[in-house]
């Protein structure tokens, strides 16, 4: 039986990818753009970025967003963005593993100041990809890394958590368990579980911690999450001596 949540999320994601293709059709790197041949690539490869719509091989695609040194990095990103977004949502691709870094690249390119139709296409892509990540049955759909993509690109955390909270779906609950498992050690140290491009590190820690301790316990218990993970989540909600003297604190001794 078809899961309608998954079906609708996939349709929205496909439409968002089409929207990117439309919004950035004809985009090219600046005519005078250049980069170091030793570190980036050849003149022949550079020429491809100055022609719209030519599909790049995966290695050239990665170098185009990952290697610094562009005179106009925003123009380079706009040139490759439709293809890059298609690769980012494909769990079989190399770009899928780098989606947290790609969020930082988007932020550095200041995409929210791009022409309105382009900024709107990027925004819808982020929302569609996040919604799809939360419900897809693909075991490779790792929510923490997609969340970092969205947070770093947008500079906001709460809106993405709000979407997660409002979504009543078993896959979204499993993604939540994955996230607590990955983030637990960092949050117990009162640290953000990822490196952020943005300045409000402490604020993000506070928002993420408050959201988890308010929202996650009931959902994790409902799916039979192991007790050790539930105790880790409970410890995240404690502060000071109450945390490190708790019998479930790692390496606790009486």
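Numbering (the working numbering), first residue to last: 48 to 301. Backbone N, C-alpha and C fix where the C-beta goes; we use that ideal spot for every residue, glycine too.
{"Query": "Assigned secondary structure, residue 256 (DSSP; H/G/I helix, E/B strand, else coil)", "Result": "helix"}
{"Query": "Stretch pair the stretch 112-124 + the stretch 134-153: three plus CB contacts closer than 8 Å", "Result": "yes"}
{"Query": "Residue 161 versus 240, 192, 67, residue with shortest Cα-Cα distance", "Result": "67"}
{"Query": "Helix, strand or coil at residue 296 [DSSP, three-state]", "Result": "coil"}
{"Query": "Residue 127 burial status per 10 Å Cβ neighbour count (16 or more: buried)", "Result": "buried"}
{"Query": "Residue 146 beta carbon less than 7 Å from that of residue 135", "Result": "yes"}
{"Query": "Simplified DSSP assignment, three categories, for residue 76", "Result": "coil"}
{"Query": "Proximity test, residue 215 beta-carbon vs the ligand NAP heavy atom, cut-off 6 Å", "Result": "Absent from the structure shown: the ligand NAP. Ligands present: none."}
{"Query": "Three-state secondary structure (DSSP) of residue 229", "Result": "helix"}
{"Query": "Cα-Cα separation, residue 283 to residue 239", "Result": "12 Å"}
{"Query": "Under the three-state DSSP convention, the category residue 248 falls into", "Result": "helix"}
{"Query": "Where residue 65 sits in the DSSP three-state scheme", "Result": "helix"}
{"Query": "8 Å contact criterion, which residue 230 and residue 191 should meet: CB distance rounded", "Result": "7 Å"}
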